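First the structure, in the form of C-alpha cells, and then the observations on it.
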Amino acid sequence: MKIFASFLAVVVFSITACRGSGGPMTRAGRGVDHAFEKTGEGIAKVGRKIEHTF
C-alpha cells in the first residue's frame with residue numbers, strides 16, 4: 000500500500016509540475032511555431048502585393 004501511495008504522490012506532483020509555461024523544449028517549440036507563422040504571414044503579404052501589381 001505504501002508503494003501505491005508513493006506512486007500516486009509522484010504522479011500527482013508530476014502532473015502539477017507540467018502546468019505553466021512549459022519546459023525548455025516546449026518553449027523552443029512555441030518559438031519555432033511562431034517563426035513559421037510570421038514567415039507564412041510575410042509570404043502571404045508579398046503574394047498579395049504581387050497580385051495587386053499585375
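The numbers in numbering that gives the first Met the number 0 rise by one with no breaks, and the one at position 29 of the sequence shown is 28. The beta carbon of each residue, even a glycine, is placed where N, CA and C say it ideally should be. Here the structure is a predicted model, which is why all the values come from computation and not from measurement.
Arg26 has its alpha-carbon roughly 35 angstroms from the corresponding atom of Ile49. If you look at Phe35, you'll find it in the alpha helix (DSSP H) that goes Pro23 to Thr52. Distance from the CA atom of Gly22 to the CA atom of Phe3, rounded to whole angstroms, is 28 angstroms.
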